[in-house]
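J.: Going by my numbering, the first residue of the sequence shown is number 3, and it counts up by one from there. One structure coming up, written as structure tokens, with questions to follow.
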Amino acid sequence: MRISVMGLGYVGAVAAACLAKDGHEVIGVDPQQTKVDLINAGQTPIIEKDIGEIIAEQVASGRLVATTDVKSAVAATDLSLVCVGTPSLGNGHIDLKYIRRVCEQIGEALKEHPGHTVVMRSTLLPGSMKDVVIPSLEAASGLKAGQDFGIAVNHDVSGLRPGFLCERDS
Numbered sequence: 003m004r005i006s007v008m009g010l011g012y013v014g015a016v017a018a019a020c021l022a023k024d025g026h027e028v029i030g031v032d033p034q035q036t037k038v039d040l041i042n043a044g045q046t047p048i049i050e051k052d053i054g055e056i057i058a059e060q061v062a063s064g065r066l067v068a069t070t071d072v073k074s075a076v077a078a079t080d081l082s083l084v085c086v087g088t089p090s091l092g093n094g095h096i097d098l099k100y101i102r103r104v105c106e107q108i109g110e111a112l113k114e115h116p117g118h119t120v121v122m123r124s125t126l127l128p129g130s131m132k133d134v135v136i137p138s139l140e141a142a143s144g145l146k147a148g149q150d151f152g153i154a155v156n157h158d159v160s161g162l163r164p165g166f167l168c169e170r171d172s
């Protein structure tokens with residue numbers, strides 16, 4: 003499968019590397035050019051046991067590349083896995099500004115690529131899909147979720163367990 007991973011922080015970098023290791027073609031996307039450059043050089047933007055070697059292997063194999071361009075990543079893939087940050091706010095809520103921004107960017111790309119599937123991996127509170135994600139994607143694309151493009155939430159990428167990099171649950 004061809005997968006774009008939006009956000010190359012801890013969750014996104016690990017997901018991108020492990021999905022590529024599982025044989026998928028992966029495009030990592032991040033607005034920070036430094037993270038993109040590190041991935042494309044076969045280096046890790048995060049600290050995690052074995053991730054540097056996995057990224058290097060997957061970049062060398064051609065299964066993992068990175069870009070800052072959301073539109074080109076969506077155009078080249080079948081599914082987007084959204085792993086952007088949702089920092090905590092002082093009142094206990096989470097800040098969804100990065101979710102909104104990437105959903106707007108994905109939505110713009112969906113105009114030319116309906117049929118794409120968007121999967122949210124970022125931390126979301128109940129109601130965030132209905133109140134933020136879907137409306138942002140639909141407004142930017144002019145399309146209807148569940149009809150013109152797929153939408154899902156995934157809280158467990160490829161069966162990964164925290165602390166067990168690229169291993170599946172037994």
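Ideal Cβ placement from N, Cα and C applies to all residues, glycine included.
Identify every residue that forms a DSSP beta bridge with glycine 152.
T.: Paired residue(s): Thr119.
J.: Suppose only complete runs of 3+ residues qualify. What are the beta strand (DSSP E) ranges in the stretch 54-85, listed by chain order?
T.: Complete beta strand (DSSP E) runs here, min 3: 66-69 and 81-84.
J.: Under three-state DSSP, which class holds serine 90?
T.: strand
J.: Terminal residues of the continuous alpha helix (DSSP H) containing glycine 109?
T.: 99-112
J.: Any contact of the stretch 92-110 with the stretch 132-146, i.e. 3+ C-beta pairs under 8 Å?
T.: yes
J.: For glycine 9, collect the residues of the same chain with a Cβ closer than 8 Å to its Cβ; drop the 5 residues on either side in sequence, then sort them by chain order.
T.: The residues are Val31, Asp32, Val84, Cys85, Val86, Gly87, Tyr100, Val104 and Ser124.
J.: Using the beta-carbon count (16 or more within 10 Å), is methionine 122 buried or exposed?
T.: buried
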